[in-house]
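Visitor: Keeping their order, the protein sequence lines are chains Z and W. Going by the working numbering, the first sequence opens with residue 1, and the numbers climb by one from there. Going by the working numbering, the second sequence opens with residue 1001, and the numbers climb by one from there. Ideal placement from N, C-alpha and C gives every residue a C-beta, glycine not left out.
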Amino acid sequence: MIEAVLPQASLLKKIIEAIKELVSEANFDFSETGIRLQAMDKSHIALSFLHLRNDGFSEYRCDRSQTLGINLESFSKVLKCAANDDQVQIKATDKAESLSISFESTAKDRVSEFNVKLMDIDIDSVDVPDMDYQATVNMSSQEFARIVRDMMTIGEAITIDATKQGVKFSTSGDAGEGNILLRHRKTIDEEDGPSSTSVEINEPVSHSLALKFLANFAKAAPLADRVSINLIEDAPVMFEFKISDMGHIRFYLAPQIEE
Amino acid sequence: ARTQTSIFSFFSTP
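This is the structure in structure tokens:
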């Protein structure tokens, strides 16, 4: 038996919106400690990770570990039937064939219930080792989304250069080229404002990435004020969005390399 | 020219 309650449906809506463009179907692994998901896009270029801890839910029960295969488009459609501040409960019995999702209004005078069919999904999973990143950029997620949008008007690939001075995003295309530099601030405090950027660096590092994937990652911006971009030479770049007090979404993106 | 790598080039399957 699985039962999980979130006080606001908007959070679950944002989580599903953040990953459904990248993966159409995914296995949700429920255990005593919470919910985990690992999924790759069809081209195996981007890897999405979701972790939601049990203590982030207002109620959480998982009698034994269970994997639920869910079509994310269907999940998203059902979640659109919830008001943002509805309480949402998800429930599945052992060996269930569907996931029960119910919404209760804040006044508790309206309760709706939907069932989404579960499916067997055969997916490739990978082991991601702990890595010592050479550079970590911490910046506003809104700023990240804006840069991705701006760069996409020019090119298809983006180069991220992290140095002690800051982080530079650049692109080029048929129409021309462009770059945006965010200068490093030593401390992110109120004076600097929430839009400031910090770069923790051991060694300068540069990566070229396909912009269309970053546009998908930027869909997680409504979940978190900040995004961290973790870079290491010859390894996928990791983008992390923290989900308030309950977990995170991480995206790993395989780089483009010079032949 | 740049070539797109895959996640499998870096992370192995369990």
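1) Name the residue from Z:Val199, Z:Leu99, Z:Phe103 and Z:Lys91 whose alpha carbon lies nearest to the alpha carbon of Ile81 of chain Z.
2) Which residues in chain W have a C-beta closer than 7 Å to the C-beta of Val128 of chain Z? List them in chain order.
3) Taking Cβ positions, are Asn202 of chain Z and Ala135 of chain Z nearer each other than 8 Å?
4) Rank Z:Ala4, Z:Ser48, Z:Val5 and Z:Ile2 by C-alpha distance to the C-alpha of Leu22 of chain Z and give the top, closest one.
5) Could you list the residues in the segment 222-245 of chain Z with a C-beta less than 9 Å from some C-beta on chain W, going in chain order?
6) Would you call the segment 123-131 of chain Z in contact with the segment 32-40 of chain Z, where contact means no fewer than 3 C-beta pairs closer than 8 Å?
7) Counting only C-beta atoms, is Ile257 of chain Z closer than 8 Å to chain W at any point?
8) Mind checking whether Leu260 of chain Z and Val237 of chain Z have CB atoms under 8 Å apart?
9) By a C-beta neighbour count over all protein chains shown, 10 Å radius and 16 as the cutoff for buried, is Ile257 of chain Z buried or exposed?
10) Got a sec? Which residues, its chain only, sit under 6 Å from Asp85 of chain Z by beta carbon, not counting five neighbours each side?
11) Go ahead and label Met139 of chain Z buried or exposed: buried means 16 or more other beta carbons lie within 10 angstroms of its beta carbon, across all protein chains shown.
12) At 4 residues or longer, and completely inside the segment 37-86 of chain Z: list those alpha helix (DSSP H) runs for me, N to C.
13) Let me check one thing: in DSSP terms, what residues is Thr159 of chain Z bridge-paired to?
14) Taking only beta-carbon atoms, is Asp124 of chain Z less than 8 Å away from chain W?
15) For Glu3 of chain Z, which beta-bridge partners are listed by DSSP?
16) Can you check DSSP and say which residues form a bridge with Asp150 of chain Z?
17) How long is the line joining the alpha carbons of Thr171 of chain Z and Lys242 of chain Z, rounded to whole angstroms?
18) In chain order, what residues of the same chain have a beta carbon less than 6 Å from the beta carbon of Glu3 of chain Z, not counting five sequence neighbours either side?
19) Hey, would you say the C-beta of Ser195 of chain Z is under 7 Å away from at least one heavy atom of the ligand GDP?
20) Pull up the distance between the alpha-carbon of Ile1007 of chain W and that of Ile232 of chain Z, whole angstroms please.
21) By Cβ distance below 8 Å, which residues in the same chain neighbour Met119 of chain Z in space, the five residues on each side in sequence not counted?
22) Listed in chain order, which residues of the segment 200-217 of chain Z have Cβ atoms closer than 8 Å to some Cβ of chain W?
23) Report yes or no: is there a C-beta of chain W within less than 8 Å of the C-beta of Leu22 of chain Z?
24) Residues of chain W with CB under 8 Å from Ala157 of chain Z, in chain order?
25) Could you check what DSSP says for Ser10 of chain Z in three-state terms: helix, strand or coil?
Guide: If we stick to the structure as given:
1) Translated into the one-based positions of the first sequence, residue 81 of chain Z becomes position 81. Note that residue 81 of chain Z is Cys in the sequence shown here, rather than Ile. Minimum Cα distance to Cys81 of chain Z is reached at Z:Phe103.
2) Here residue 128 of chain Z refers to the residue found at position 128 of the first sequence. Residues of chain W passing the Cβ test: Phe1011.
3) Counted from its first residue, the first sequence places residue 202 of chain Z at position 202. Counted from its first residue, the first sequence places residue 135 of chain Z at position 135. Their beta carbons are under 8 Å apart, which means Asn202 of chain Z touches Ala135 of chain Z by this criterion.
4) Here residue 22 of chain Z refers to the residue found at position 22 of the first sequence. Out of Z:Ala4, Z:Ser48, Z:Val5 and Z:Ile2, Z:Ser48 has the C-alpha closest to the C-alpha of Leu22 of chain Z.
5) Asp234, Ala235 and Pro236
6) yes
7) Position 257 of the first sequence, counting from 1, holds the residue named residue 257 of chain Z. Cβ-Cβ to chain W under 8 Å: yes for Ile257 of chain Z.
8) Lying before the first or after the last residue shown, residue 260 of chain Z is absent from chain Z, which here runs from 1 to 259.
9) By one-based count along the first sequence, residue 257 of chain Z stands at place 257. Exposed, by the Cβ-count rule.
10) In the first sequence, counting from the first residue as 1, residue 85 of chain Z sits at position 85. Excluding sequence neighbours, Asp85 of chain Z sits near Gln8 and Thr106.
11) Here residue 139 of chain Z is taken as the residue at index 139 of the first sequence, counted from 1. Label assigned to Met139 of chain Z: buried.
12) 72-79
13) If you number the first sequence from 1, residue 159 of chain Z lands on position 159. According to DSSP, which records beta bridges pairwise, Thr159 of chain Z is partnered with Z:Ser170 and Z:Ser208.
14) One-based indexing of the first sequence puts residue 124 of chain Z at position 124. True, the Cβ-Cβ gap to chain W drops below 8 Å.
15) Taking the first sequence and counting its residues from 1, the one referred to as residue 3 of chain Z is at position 3. Answer by DSSP bridge pairing, in chain order: Z:Arg61 and Z:Lys91.
16) The residue labelled residue 150 of chain Z in the question sits at position 150 within the first sequence. Beta-bridge pairing links Asp150 of chain Z to no other residue.
17) Numbered from 1 along the first sequence, position 171 holds the residue referred to as residue 171 of chain Z. Numbered from 1 along the first sequence, position 242 holds the residue referred to as residue 242 of chain Z. Using only the alpha carbons, I get a separation of about 27 Å.
18) By one-based count along the first sequence, residue 3 of chain Z stands at place 3. For Glu3 of chain Z, where only same-chain residues beyond five positions count, the Cβ hits under 6 Å are Arg61 and Lys91.
19) Among the ligands in the structure shown, none appear at all, so the ligand GDP cannot be discussed.
20) For this step, residue 1007 of chain W is matched to residue 7 along the second sequence. For this step, residue 232 of chain Z is matched to residue 232 along the first sequence. Answer to the nearest angstrom: the Cα atoms are 14 Å apart.
21) Position 119 of the first sequence, counted from the start, is the residue given in the question as residue 119 of chain Z. These residues qualify, in order along the chain: Glu25, Gly69, Ile70 and Asn71.
22) Ser208 and Ala210
23) By one-based count along the first sequence, residue 22 of chain Z stands at place 22. Not closer than 8 Å to any Cβ of chain W, the Cβ of Leu22 of chain Z fails to qualify, so no.
24) Taking the first residue of the first sequence as position 1, residue 157 of chain Z is located at position 157. Neighbours of Ala157 of chain Z on chain W, chain order: Arg1002.
25) As a position in the first sequence, residue 10 of chain Z is number 10, starting the count at 1. Note: Ser10 of chain Z maps to helix in three-state DSSP.
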